[in-house]
Amino acid sequence: MIKHLSIRIAWHDNAWNGKICLHPSQNTYCIHLPRILKEKKDQLEDLHANNDWASLPEGFLPPCQAEGGAFMNINPYSRMFNHPYNRKGKDIPHSALKPTPITVPAFSSFAVPFWWMLKINQKDIKSSYPDLPTDDISPFNSSWVYGPKLQNKLLERFFEPVKEKSSLAIYYVKGANPIDENSKRLIAGIGSIIKKSSVLRYDSTADYTYPMWDRMISHGIRPDEPTSQGILLPYHAYLNLPEDFVLKNKDGKKTKYELLDEIKLTLQDTGSRQEIIEEFAYGTEWVNDSTLLSVLGKLRTVIERIIEHGIVKGYWREHLTWIDREIGKVKENMGPFPSFASALLAFGFQQANLLEEDLRNEHGLGIKDNPWDAWKDAIYGKINLRMKSYGKDLPHMQAVWLDESSERIELLQLLSRFELSDKQITKWFAPAHRSKIDKTISNQSILLNPYLIAEEDPGDQEHFPISVESIDNGIFEDPAVQGLHIPSPPQLVGSFLDPRRIRALICMILKDAATNGDTLLSINEINERLTRLTLQRSTIIPENYINANLDFIKEKLDSLTTSQAQSLQLKKYADIETFFRKTFIARAKRKLAPLTEDWELLIRDTLARNGKTTDASNSRHRAALTDQTNALKQVTESKLSVLLGPAGTGKTTVMGALFGSVQLKQEGILLLAPTGKASIKLGNMASTHAYTIAHFLTRQNRFDWDLLKPRFTGLSLYQGEQNVVVDECSMLTEDDLYALLQALDLAHVKRIILVGDPYQLPPIGAGRPFADLCNYLESLQIEDKNFTAQSALARLNALVRTVEGANSDSLTLASWFSGIKPTKNADSIFSKLGNNALMNDLEIQCWADDSELMKNLVSATKKLISGGSGEEINQFNEFIGVTKGNIDTSKIEAFQILTPVKNPYWGTFSLNRIVQSQFRLPTKDSVMIGENRMMHFDKVIQKRNERKESFPGNEKHPISNGQLGVIANIAKGYANVSFTGIKNGLTFGYKSQGNEGEDANIELAYAITIHKSQGSDFDYVFLVIPKSGRIISRELIYTALTRAKTKLTIFVEGDNPHWIINLSKPQYSETAKRNTNIFSHSVRDARSHVPYVEGLIHKTKQEGLMVRSKSEVIIANELEYRLLPFEYERQYTGKNGEKRIPDFSFTDSAGDLIILEHLGMLSVPGYRADWEKKKQFYLDNGFIEGETLFITTESEAGGIDSKAIERIIDQIEELL
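Heads up: the sequence shown begins at 4 in my numbering, then just goes up one per residue.
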């Protein structure tokens, strides 16, 4: 049978054209492959940038020569092969092997089947190919097959079914690439294999030699020719578009990155089987026909989009013809029941794979035949299989078969039509397994609607959820695959518009939307997403299709209609949000008797324990004490309350005082947090143990570790402590919070106190429940029936973190990225940004390219650690807690680099490489773990929750996702790590994983992503902010700016840092863009729009204008109503270059500026003092109150006098 190949390639910024990269040192994607990481020489490659490999100096090729870096080469080049063992000494035969040059013709690369050459896999390979010879014994430790005979046979066996002009090669980028940060495999191209070399062999000085594992493959991809036998996707042409590029077409406007999303082809798009990854691993592997068919089908859709975009010219229609021809060839090799053996395994016949092989090889079972007929012949003895190892089992299987109902047999045969594993089939065939998914789904319901499987399958750690396309492939009529065995009604699907199929696709879209934050979608957006799905079969539906089939759709989904839009929502989230709405409001309104604690005394005690005092003569201290005392009263006097603590407002002090309450401790306090790091921090505040929510739910048997998801049901409710405190609530998804509340006996629990900062990043997953609750409580007006719930919200306003008595500059800058209007005079920070000497705990450095960024980072690091003793490496070690080989884990968090993402040159991978190369000495006993080579004293981070044994002591300790550590030593292939939060001296071992260790539990952590820093803080933070990057949001910047306790240094791309203020605008809010329906129906009409949520987004009547407060909405709308021209937050530069940002600016007929400032919290001393400073700035610059400077105000309770605002605007109007 013909086999197809996957061939791994490294990302190349010059489209693999046989030349050095255009910007080699900036291509940090390729170094995620260990061989390139080890050998890449940036400076040398920069010297030869864009030079053809054929013209490079003799002996020099970039390390991507071994990773397909030139598979689209136009000119031949020579590559030198050196056997890796010929340097191990004269006592082994490999010493005779000479460096061997191989000429590589145009459009060629090499395929290496590493998995087949690993010793550990030989048992599995031998079971399928028992005629393979025994391996020779290696004279040294090695993971690889050693003897030339076995190597030759393995290579022959692997490449023999790969046929010239019939087999296809799929070229894929493993991991890092600039197209999709989260892609495990990005498909770059696919082409016919035109020529396959024979086994290549090393030149030798002896009468023997060894085979090269590399087999040369020449392909037919010719992008510039209409007869091309393959396709290269035009990623580079799209990447080269300007950052602000927008394509306007009949569907509206699309940005550069939205267009890239439409043409990318990742492995996640190609099927539901997670084991597909195994077909794209270890360099080169065989690709199954079903996988290839899926890739080709989706590739066809991508090419149609490229044609539609019209950005890249080419022979795209001819490419479609080639795809159709290849799809026909693939289908010839496929049959109607691809999972026959898996179904038999699920039925209980353990040697199903061997049986199918025998039936096909020895008993004439053809590809297009029905194997179930052969199965019946086998169990009834019509085929002689008595001498087979399973022969004696067949009569017993006959009895089991006869005992099954016809309905169950029909279900098993239906399931075998889909490309599924035996575990997946068992989940749907065995009633006990199926009931864990949904007790209401019967055999008959699946037979009537097989798409129920795609709607309900949850997936597991081995499998993605079963996709709609997997069901499509089994039950759409396709004689080219099914031959004469076409499915019968009602399983048969005859139309793309079958409501069963479309509903399943909508469910899939809504589930995907939930993982990205949305709990519902408008029907317009659902139609838009259906149209853009990368599927083999069409999903374009008539405009009114959903409404025409709404009754059937509503069996699985909720429909919501408002004046804004008609929406659909998974019933799961409709139920969750209804529960939240009722529970949040009811408990927030239900008041409790005040506690008799002296909160002020508890606050002072907490401060004293932390080495701090309060000064009664200091107005800031008095305001903070009042603020915090009131907050403690509020959060303890409702059955559900919220403590909203932005950075620098003393949340830690308030929490410490709360935990000091004798009355609360008598009732019991359960401490919970979403992450391990946050739970450690919370536990330290209370001097007791805190749990992660996952750990707490696990104790209640309400967490599914197979799916890594919380369960909503359990056998009993928790009746322990009566007070529940949950910290870092902005990180909680709707699923997390719902599962927690469902696990608690809410009649037993007195107080639920939710703590957090809603301006930080929203959760990774569905919804934004904490932000929605905070916004709802803050937005309540006195006339609202639920107004009494507002007192359950305690907001800390008084800023207590200062630097030498002045406001923290880093927090002042951060305030612009919060969800509320900054204090008056906060805009003075923009006058300081260009002069580091003017700032206290903030420093700004600009950079233009990768070399300047690296130089500045290294220089700043050396300056930071310069107070230590000895050489720079010793100084660096001391700074992070390593002294003379001993590790003080309390200092690991002294210094941290943060950046938005992992892969670009300004991402964590490259920055970690730079720091490691600068402050670590290479050692022979370093280990490869995942993508990182790790050395003594490297700083690392844990990537997932697990329990590990410590040394010494062999005790199990929970190691949490996000926990930082330092490698104490490396021994016997293990990196032994000491972690923060665990007593000094204990280490935990992590084994070297080799080149394919993708799922390593630790990675280097000198630099981490901003997302991973959430819930943590550090003494000194270096923050990298690039101009490019689609995931940068207001919340991302705010989260990053609030991580430093002592000093923040920001490395901003460009020659001026002021551009970052644009990211503070409401339209850059990731939280506000989410669709939710807890308190208000917030939904986008289209994917590119921002939903309007009162409180999260302050939208005005002026097209496109969003402001920062509801008061400003009133002012802007009145100005718009009067048709008065104005500018919102126009920067004003005064004397000496000082900058301010007035709320509203006007220009009179003479061209002079008139300013209107709205004042909110004048009752807060700090706010009033800031306003007086800003007002003085205006006066000093010639503005006169009542003539060119106007002011509107609010009452102490936040009330707005509309008439007073109108009077002020009357005055301004007269001047214009």
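For each residue, glycine too, the CB sits at the ideal point set by N, CA and C.
Please read all numbers here as calculations on a predicted model, not as lab measurements.
Following the DSSP letters along the chain, one finds HIS222 inside the beta strand (DSSP E) bounded by residues 218-222. For ARG950, the enclosing beta strand (DSSP E) covers residues 949-952. In the DSSP assignment, VAL806 is bridged to ALA809. A distance of 8 Å or more separates the beta carbons of ALA346 and SER445. In the three-state reduction of the DSSP assignment, ASN613 falls in the coil class.
Distance between LYS887 and THR652, taken at the CA atoms: about 39 Å.
Going by DSSP, GLY659 is part of the alpha helix (DSSP H) stretching over 654-662.
DSSP places ARG420 in no alpha helix (DSSP H); its state is neither H nor E. The beta-bridge partner set that DSSP reports for LYS994 consists of TYR977.
Residue burial annotation: PHE143 is exposed, with fewer than 16 other C-beta atoms found within 10 angstroms of its C-beta.
When beta bridges are read from the DSSP output, MET931 appears opposite ARG936. The residue from TRP216, SER562, PRO1060 and ILE543 with its alpha-carbon nearest to that of PRO116 is TRP216. Excluding the 5 residues flanking it on each side, ALA577 has same chain C-beta neighbours closer than 6 Å at ASP561, in chain order. Taken in chain order, the unbroken stretches of alpha helix (DSSP H) that lie wholly in the region 349-394 and span 4 residues or more are 355-365 and 374-382.
If you compare the alpha carbons of ASP254, THR429, LEU423 and MET511 with that of SER473, the shortest gap goes to LEU423.
For ARG38, the enclosing alpha helix (DSSP H) stretches over residues 37-42.
Annotated three-state conformation of HIS1161 is strand, per DSSP.
Per DSSP, SER1016 is one residue of the alpha helix (DSSP H) stretching across 1013-1016. Annotation: SER195 is outside any alpha helix (DSSP H); the continuous beta strand (DSSP E) that includes it extends over 188-199.
Contact between PHE912 and LYS905 holds, since their C-beta atoms are separated by about 5 Å, short of 8 Å. Considering only GLN401, ARG1143, ALA676 and GLU321, the residue with the shortest C-alpha distance to PHE350 is GLN401. Taking C-beta atoms as the reference points, ALA650 and THR1045 count as a pair closer than 8 Å. In the DSSP assignment, CYS849 forms a beta bridge with VAL1055. Between the alpha carbons of ASN979 and ILE1040 lies a gap of roughly 34 Å.
By the Cβ neighbour-count rule, SER541 is exposed, with fewer than 16 other Cβ atoms within 10 Å of its own.
Membership of GLY888 in any alpha helix (DSSP H) is not indicated, and neither H nor E is assigned to it by DSSP. Residue LEU414 holds the alpha-carbon nearest to the alpha-carbon of LEU455 among LEU414, ASP425 and ILE234. ALA69 and ILE973 have their alpha carbons spaced roughly 29 Å apart.
Around the C-beta of ASP812, 16 or more other C-beta atoms lie within 10 Å, and the residue is accordingly described as buried. Take the alpha-carbon of LEU242 and the one of GLU1132: they are about 33 Å apart. Secondary structure at ALA73: coil, using DSSP grouped into helix, strand and coil. In the structure shown, ALA591 adopts helical secondary structure according to DSSP, grouped into three states. For LEU1026, the closest C-alpha among the options GLN271, PHE699, LEU914 and ALA381 is that of LEU914. Between GLU731 and ALA676, the C-beta gap is smaller than 8 Å, which places the two residues in contact. Cα atoms of HIS939 and PHE922: separation of roughly 11 Å, rounded to the nearest angstrom. Apart from the 5 residues on each side of it in sequence, GLU459 sits with its Cβ closer than 8 Å to the Cβ of ILE440, ASP441 and ILE444 in its chain, given in chain order.
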